[in-house]
Amino acid sequence: MAVSNITLPKVPTTKDLLDTIQTMDSLSQEGFSQIAAIASLALLAMKTAAPNDTINIIQALRAIRGKAVDIENCINYEAEMVGGNYIDPDRREKLLADVSKAVEVRPVVCGLA
Numbered sequence: 202m203a204v205s206n207i208t209l210p211k212v213p214t215t216k217d218l219l220d221t222i223q224t225m226d227s228l229s230q231e232g233f234s235q236i237a238a239i240a241s242l243a244l245l246a247m248k249t250a251a252p253n254d255t256i257n258i259i260q261a262l263r264a265i266r267g268k269a270v271d272i273e274n275c276i277n278y279e280a281e282m283v284g285g286n287y288i289d290p291d292r293r294e295k296l297l298a299d300v301s302k303a304v305e306v307r308p309v310v311c312g313l314a
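In structure tokens, the structure reads:
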């Protein structure tokens, strides 16, 4: 009996790949220029701010972190859509170990043990 309902995964076309590369390039240019601008302002603020005025610097550093994570996720998503995302095996193992450790520790930290 022949199997006729097999769906093969979509193979990205050259146009799909070009569109993805252009989107990733656009995301990186926009996001990284924003990160650089915020970092420059934070550095300037650190040089000129009063010793007790750290709230704006903290907010700038949080914005840098948030923007970096957003851009990383967007670029990774675009790469995944055409099957070209990179997976670092060492990082993956470390993340899995960290998650396992967090699951073991969480009941104690949260007072559930």
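Under this note's numbering, residues 202 to 314 are what the sequence shown spells out, in order. From the three backbone atoms N, C-alpha and C, an ideal C-beta is built for every residue, glycine too.
Which class does Y278 belong to by DSSP, given the choice of helix, strand or coil?
helix
So, with DSSP's three-state summary, where would you put T221?
helix
Y287 beta carbon less than 9 angstroms from that of A280:
yes
I need the straight-line Cα distance from K268 to V283, nearest angstrom please.
23 angstroms
Would you mind sorting A243 into buried or exposed? The rule is 16 or more other CB atoms within 10 Å of its CB.
buried
With 16 as the cutoff for other CB atoms within 10 Å, does A314 come out buried or exposed?
Bear in mind that the predicted position of A314 carries a pLDDT of just 49, short of 50, making it unreliable; the figure below should be weighed with that in mind. Label assigned to A314: exposed.
Where V212 sits in the DSSP three-state scheme
coil
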